Amino acid sequence: MNNSTVPAFDVRSPAQAVEALPYLLSYQPDGPDGMVFVLAHDTLHNLPLFSQKFDLPGDEDNPNEAAHHMMHSTLHRLEKFATGPADILLYVCAGQQDAGDGYAAMTQYRVLADALLLSAEAHGIDTLAALFVTPTHWWVYHHDNPNYRHEGMPVDGPDNPGVVTMNARAVGIPTPPSQAAIAAAFEPVTGEEAENHRAAILRAVGERAHRVQDSSFDAETERLTAILDRLLLDGGDGTPLESLTPDETAELIVGLRHRPLRDVALEYIEPDELPRARELWPLLVRRCASATTTFVAAPLTLTAFTAAVAGEFPAALIALERARTADPRYLLAQLFKEQILMTGSVDTLLDTVREERAERLRGRDS
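With numbering that gives the first Met the number 0, the residue at position 139 of the sequence shown is 138, and numbering never jumps.
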């Protein structure tokens, strides 16, 4: 689930509500995973209050229970705002596997949409509409307007701008990036390459254990820190990062599960280091060879942090969501996510990281 603030768009129709969705999310919802997106609206002041994003329930999940959880969470948020009359707009967004036949997918999720509407009513929440959205078309559940076609209405957006897009451009709001393009940078390697990296990670786990037994955790952290310094500090030594062997990346992947090395890895954020760091961390993500292994949480969080430092917050949030999916207990990912959503920056975290870096380098040089 994701809570976020919402830009103030003047939305007057379902078509405009769909066109506003990428701006509300900060990215085009064309990625692999679907979602339920809830926009809460202050009816007294005609202003958006907040948004919440939920995963689509799986085939094994009870849609009524899932809808109850979503609406209970939404009501809890509405009570915290305590602004007076409010209603919600419900978006059910297709994943890539559903986008081929939007009408069939819309029909498939009708049970969920009905459960959401009934649960909202049971929780005393008024609903403006329940929409089903693919990257190209949209439908309104339980709408009697004959102008809304059976095959869906086309989505207005960057290539065929409607009122929302034109107004956003007029005030200098950039077109939200593609979620699919961002997510592609995090996709794990496959086939024989994946098998090679999995085998290297397994070897790295055993070799690390032997080194720690022979010396100490601190000595192992110092050894791997020296490797990161060689690759990244002050721009690194020029080694092509893609040329790193499976064994070389595996020892970093395994080492980053240990918090001291992960904290050192946060430090490579200066202008001459950031491009290399932004290349290395996604490389490690892909070479984890799985989107669900807990090993991927650390490089995904580092990927997110460097993206945020570069001002690319949509990419940062997508990476953090993936990190939390892979390892829900990974607290640093949650901390970064909350910081971005609450403040729109990571400036306070940068100050802490730079202080720790200065102290580390002083100790190294003394």
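No residue lacks a Cβ here, since even glycine has one placed at the ideal position from N, Cα and C.
Treat the numbers as computed from the prediction; the structure is a model and nothing was measured.
Within its chain, find whatever has a CB closer than 8 angstroms to the CB of Pro-62; leave out the 5 residues flanking it on each side and keep chain order. As a first step, residue 62 is located in the sequence shown; it is residue number 63 there, counting from the start. So the qualifying residues of the chain are Pro-56, Val-110, Leu-111 and Ala-114.
How many angstroms separate the CA atom of Ile-172 from the CA atom of Met-165? On the sequence shown, position 173 is the one that residue 172 refers to. On the sequence shown, position 166 is the one that residue 165 refers to. Rounded to whole angstroms, Ile-172 to Met-165 spans 10 angstroms at the Cα level.
For the alpha helix (DSSP H) containing Glu-28, name the first residue and the last one. One-based indexing of the sequence shown puts residue 28 at position 29. According to the sequence shown, residue 28 is Pro rather than Glu. No alpha helix (DSSP H) contains Pro-28, which DSSP labels as neither H nor E.
Check whether the stretch 248–264 and the stretch 220–232 are in contact - that is, three or more C-beta pairs closer than 8 angstroms. With a cut-off of 8 angstroms, the stretch 220–232 and the stretch 248–264 count as touching, because enough Cβ pairs lie within range.
In this structure, does DSSP put Arg-55 in helix, strand or coil? By one-based count along the sequence shown, residue 55 stands at place 56. It is Leu, not Arg, that sits at residue 55 in the sequence shown. Three-state result, Leu-55: coil.
Take Ala-93 and list the residues in its own chain whose beta-carbon comes closer than 6 angstroms to its own, dropping the five residues that flank it on each side. If you number the sequence shown from 1, residue 93 lands on position 94. Excluding residues within five positions, the ones whose Cβ falls inside 6 angstroms are Gly-33, Ala-104 and Thr-133.
Contacts around Ser-3, its chain only, beta-carbon distance under 6 angstroms, and the 5 residues preceding and following it disregarded: Translated into positions along the sequence shown, residue 3 becomes position 4. With a pLDDT of 46 at Ser-3, under the threshold of 50, the modelled position of this residue cannot be trusted, and the question is left open.
Find the nearest neighbour of Ala-129 within the set Asp-326, Leu-88 and Pro-313, judged by alpha-carbon distance. The residue given as residue 129 occupies position 130 in the sequence shown. Among Asp-326, Leu-88 and Pro-313, the Cα nearest to that of Ala-129 is on Leu-88.
Residue nearest to Gly-235 in terms of C-alpha spacing, selected from Leu-348, Tyr-267, Gly-161 and Ala-315: Sequence index remark: in the sequence shown, residue 235 carries index 236 (1-based). Comparing Cα positions, the closest option is Tyr-267.
Can you tell me whether Gly-190 is buried or exposed, with buried defined as 16 or more other CB within 10 angstroms of its CB? Sequence index remark: in the sequence shown, residue 190 carries index 191 (1-based). By the 10 Å Cβ count, Gly-190 comes out exposed.
Range of the contiguous alpha helix (DSSP H) that encloses Pro-139: Walking along the sequence shown from the start, residue 139 turns up at place 140. Per the sequence shown, the amino acid found at residue 139 is Val instead of Pro. No alpha helix (DSSP H) contains Val-139, which is instead part of the beta strand (DSSP E) from 136–139.
Do Phe-185 and Pro-245 have their beta-carbon atoms positioned less than 9 angstroms apart in this structure? For the purposes of this step, residue 245 is taken as the residue at position 246 of the sequence shown. For the purposes of this step, residue 185 is taken as the residue at position 186 of the sequence shown. Against a cut-off of 9 angstroms, the Cβ pair of Phe-185 and Pro-245 comes out as no contact.
For the beta strand (DSSP E) holding Leu-89, just list the boundary residues, first then last. Here residue 89 corresponds to residue number 90 of the sequence shown, with the count starting at 1. Counting along the chain, the beta strand (DSSP E) containing Leu-89 begins and ends at 85–92.
Met-152 bridges to which residues according to DSSP? For the purposes of this step, residue 152 is taken as residue 153 along the sequence shown, with counting starting at 1. In DSSP, Met-152 forms a bridge with Trp-137.
From which residue to which residue does the beta strand (DSSP E) around Ala-39 run? Walking along the sequence shown from the start, residue 39 turns up at place 40. Segment 34–41, the beta strand (DSSP E) holding Ala-39.
Assuming Ala-303 and Ala-318 are in contact, meaning their beta carbons sit under 8 angstroms apart, how far apart are those beta carbons, in whole angstroms? On the sequence shown, position 304 is the one that residue 303 refers to. On the sequence shown, position 319 is the one that residue 318 refers to. With 8 angstroms as the limit, Ala-303 and Ala-318 qualify as a contact, their Cβ atoms being about 4 angstroms apart.
Specify the secondary structure class of Leu-46 as computed by DSSP and reduced to three states. Within the sequence shown, residue 46 is the residue found at index 47, counting from 1. Looking at Leu-46 - three-state DSSP - the assignment turns out to be strand.
For Val-263 versus Arg-359, is the C-beta distance shorter than 9 angstroms? Taking the sequence shown and counting its residues from 1, the one referred to as residue 263 is at position 264. Taking the sequence shown and counting its residues from 1, the one referred to as residue 359 is at position 360. Contact check for Val-263 against Arg-359 passes: the beta carbons are separated by less than 9 angstroms.
DSSP three-state label for Arg-321, please. Reading the sequence shown from its first residue, position 322 is the one you call residue 321. Helix.
Look at Ala-276 and Leu-260 and say whether their C-beta atoms are less than 9 angstroms apart. As a working note, residue 276 is residue 277 in the sequence shown. As a working note, residue 260 is residue 261 in the sequence shown. No, Cβ-Cβ distance for Ala-276 and Leu-260 is not below 9 angstroms.
Return the chain-ordered ranges of every beta strand (DSSP E) run that is complete within the stretch 164–214 and spans a minimum of 3 residues. none
Cβ-based neighbour list, Asn-1, same chain, cut-off 6 angstroms, excluding 5 preceding and 5 following: Position 2 of the sequence shown, counted from the first residue, corresponds to residue 1. Residue placement at Asn-1 is poorly supported in this model, since its pLDDT is 42, which falls under 50; the coordinates still yield a value, given next. For Asn-1, where only same-chain residues beyond five positions count, the Cβ hits under 6 angstroms are Lys-52.
Element boundaries [beta strand (DSSP E), containing Ala-128]: Residue mapping note: residue 128 aligns to position 129 of the sequence shown, counting from 1. 125–132 is the span of the beta strand (DSSP E), which, as asked, contains Ala-128.
Check for me: the alpha helix (DSSP H) holding Pro-62 runs from which residue to which? Along the sequence shown, one-based indexing puts residue 62 at 63. Where Pro-62 is concerned, the enclosing alpha helix (DSSP H) stretches over 62–80.
Return the first residue and the last residue of the alpha helix (DSSP H) that Leu-299 is part of. What you label residue 299 is simply residue 300 of the sequence shown in a count that begins at 1. 296–308 is the span of the alpha helix (DSSP H), which, as asked, contains Leu-299.
Apply the 10 Å Cβ neighbour rule to His-136 and answer buried if 16 or more other Cβ atoms are within range, or exposed otherwise. In the sequence shown, residue 136 corresponds to position 137, counting from 1. By the neighbour-count rule (16 or more Cβ atoms within 10 Å), His-136 is buried.
Count the other C-beta atoms from every protein chain shown that fall within 10 angstroms of the C-beta of Arg-11, then say buried if there are 16 or more, exposed otherwise. Translated into positions along the sequence shown, residue 11 becomes position 12. That one is exposed.
Does the beta-carbon distance from Thr-73 to His-122 come in below 9 angstroms? Along the sequence shown, one-based indexing puts residue 73 at 74. Along the sequence shown, one-based indexing puts residue 122 at 123. Against a cut-off of 9 angstroms, the Cβ pair of His-122 and Thr-73 comes out as a contact.
Going by CA-CA distance only, name the one from Ser-25, Ala-198 and Thr-342 that's closest to Phe-36. In the sequence shown, residue 36 corresponds to position 37, counting from 1. Measuring from the Cα of Phe-36, the nearest candidate turns out to be Ser-25.
Among Val-139, Gly-156, His-67 and Gly-83, which has the Cα closest to the Cα of Thr-106? One-based indexing of the sequence shown puts residue 106 at position 107. If we check each option's Cα against that of Thr-106, Val-139 comes out closest.
Taking Ile-226 as part of the alpha helix (DSSP H), name the residues at either end of that continuous run. As a working mapping, residue 226 is identified with position 227 in the sequence shown. Counting along the chain, the alpha helix (DSSP H) containing Ile-226 begins and ends at 216–231.
Rounded C-beta distance between Ala-367 and Ser-118? I'm assuming under 8 angstroms. The chain is shown from 0 up to 365; residue 367 falls before or after that span and cannot be answered.
Residue range of the unbroken alpha helix (DSSP H) whose run includes Leu-116: Position 117 of the sequence shown holds residue 116. Note, Leu-116: alpha helix (DSSP H), 109–121.
Can you tell me whether Leu-231 is buried or exposed, with buried defined as 16 or more other CB within 10 angstroms of its CB? Position 232 of the sequence shown, counted from the first residue, corresponds to residue 231. It counts as buried.
Can you tell which of Phe-312, Asp-217 and Tyr-102 has its C-alpha closest to the C-alpha of His-149? To locate residue 149, count along the sequence shown from 1; it is residue 150. The option with the nearest alpha carbon to His-149 is Tyr-102.
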